[in-house]
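Peer 1: Can you read through this structure? Questions will come right after.
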Amino acid sequence: MDDGEGRLDQIGFLGDIAEGETIWSARFVGDRGYLVTFMNIDPLWVLDLSDPYNPIVLGELHVPGVSTYIHPIDDDNLLTIGIAGGADGLGLDWSITQVSLFDVSDTSNPSLSDTLPLTPAYVDENCEDIMTCGWSWSYSEATYEHKAFTFWAPESLLAVPLSTHRYVYDEIEIEGKVYSHYGYEYVSMLKMINIDTENGSLSNHGEVEHSEFYKRRACQVGGQARRTSGDRCSWGTTSTPSQLAELQSIGRPTYK
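Number 104 in my numbering belongs to position 53 of the sequence shown; there are no gaps in the numbering.
Quick look at the structure:
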C-alpha cells in the first residue's frame with residue numbers, strides 16, 4: 052500500500068478459498084484474519100496475514116448456519132452471532148438467532164466449542180404446528196451492528212437485544228357459536244449469556260422483557276445492565292443469574 056501520491060496499491064491477494072460463496076463476516080486481529088463464508092453451510096476460515104504480500108489459509112471449519120459478526124475474546128477464542136442452520140444442516144433457519152463459541156488455539160484445526168440458540172423455532176419438541184406453538188421469527192440488531200453486541204470481559208457476559216413473535220390462535224364459544232382469532236405475541240428483550248472459555252460452553256444468564264419497541268443497545272455500569280429501546284432507557288441488575296430485575300425506566304416525552 053502506497054499513499055504517498057494519494058493512491059492505494061494492492062500488494063497481496065488471497066482467492067479461490069470459497070468458490071460460489073459469499074463473505075458474511077470478517078475480523079482482523081494482529082497477524083490473523085478470520086472469515087465466514089456461506090452458501091449452504093458455514094465455513095470459518097483462519098488466515099495468516101503476517102506477510103501482507105503472501106496471505107495464506109491456516110485452517111477451516113465447516114459448521115451449519117452462518118455467523119454474521121465475529122468478536123475475538125482472546126487469542127484462542129472467538130464469539131459470534133448469526134443465524135442457525137436448517138433442520139438438515141443446510142441453508143438457514145431464520146427463526147433462530149444463534150450465538151457460537153469457537154476455539155482457534157490450533158489455527159490449523161479450529162473447532163466449534165458450543166452454540167446457544169436465543170430463539171427456539173418451537174417451544175417444545177412435541178410442537179407440530181408452528182402457527183400454534185412455535186416462535187416463527189427472530190431479530191437482533193447485533194447480527195449486523197457491532198454496537199449492539201456487548202461483551203463484558205470481567206464477568207464473561209454477553210448482552211444482545213432480541214425481538215421475536217409467534218402466532219397465537221384462540222377459539223371462543225358464545226351462545227353455541229365458535230369464533231376464531233388469529234394474532235401474534237410480540238416480545239422484545241435483552242438476552243444475557245455466560246461465556247465459559249475454560250470449559251468451552253455457553254449458557255443463559257438471564258433476560259429482561261421490556262417495551263414494545265426493539266431493544267437497541269446495552270452497556271454495563273458497575274453491577275447494572277443499561278439498555279435502550281425505541282422509546283426509553285432502562286436499567287436492571289446483572290447479579291441474579293435466573294432473572295434480571297427491572298429497577299427503573301425513563302420514557303421519552305410524548306409530543307403532539
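Note that the Cβ used here is the ideal one computed from N, Cα and C, for glycine as well.
#1: According to DSSP, is residue 248 part of a helix, a strand, or is it coil?
#2: Measuring straight from C-alpha to C-alpha, what distance separates residue 165 and residue 98?
#3: From what residue to what residue does the beta strand (DSSP E) around residue 165 run?
#4: Helix, strand or coil, according to DSSP, for residue 199 in the structure here?
#5: Count the other CB atoms within 10 Å of the CB of residue 197; is the residue buried (16 or more) or exposed (fewer)?
#6: Select from 209, 204, 237, 70 the residue whose C-alpha is nearest the C-alpha of residue 219.
#7: Roughly how many whole angstroms lie between the Cα atoms of residue 95 and residue 57?
#8: Which of helix, strand or coil does DSSP assign to residue 77?
#9: For residue 134, report the span of its beta strand (DSSP E) as first-last.
#10: By a C-beta neighbour count over all protein chains shown, 10 Å radius and 16 as the cutoff for buried, is residue 241 buried or exposed?
#11: What's the gap between the Cα of residue 153 and the Cα of residue 228?
#12: Which of the three DSSP states is assigned to residue 69 in this structure?
#13: For residue 258, which three-state DSSP category applies?
#14: Measuring alpha carbon to alpha carbon, tell me which of 210, 202, 111 ends up nearest residue 191.
#15: In its own chain, which residues sit with a C-beta less than 8 Å from the C-beta of residue 149, not counting the 5 before and 5 after it?
#16: Would you kindly work out how many angstroms separate the C-alpha atoms of residue 70 and residue 89, rounded to a whole number?
#17: Return the residue from the list 259, 189, 155, 125 that minimises the CA-CA distance to residue 111.
#18: So residue 248 and residue 128 are in contact, right, with Cβ under 8 Å, and what is the actual spacing, rounded?
#19: Using the Cα positions of residue 396 and residue 208, report the straight-line distance between them to the nearest angstrom.
#20: Grab the span of the beta strand (DSSP E) containing residue 89 for me, first residue to last.
#21: What's the gap between the Cα of residue 255 and the Cα of residue 77?
#22: Can you tell me which residues form a DSSP beta bridge with residue 230?
#23: Residues in the same chain with beta-carbon distance under 7 Å from residue 293, minus the five sequence neighbours each way, listed in chain order, please.
#24: Please identify the residue among 158, 147, 73 whose C-alpha is closest to the C-alpha of residue 84.
#25: Is the Cβ-Cβ distance between residue 213 and residue 189 less than 8 Å?
#26: By DSSP, does residue 194 sit in helix, in strand, or in coil?
Peer 2: Taking the structure as given:
#1: coil
#2: 22 Å
#3: 162-168
#4: helix
#5: exposed
#6: 237
#7: 35 Å
#8: strand
#9: 128-136
#10: buried
#11: 56 Å
#12: coil
#13: strand
#14: 210
#15: 116, 132, 133, 134, 135, 166, 167, 168, 169
#16: 10 Å
#17: 155
#18: 5 Å
#19: Because residue 396 is not part of the residues shown, which for the chain are 52 to 307, the question remains open.
#20: 83-89
#21: 26 Å
#22: 223
#23: Only weak support is given to the placement of residue 293: the predicted model assigns it a pLDDT of 41, under 50, and the question is left unresolved by the model.
#24: 158
#25: yes
#26: helix
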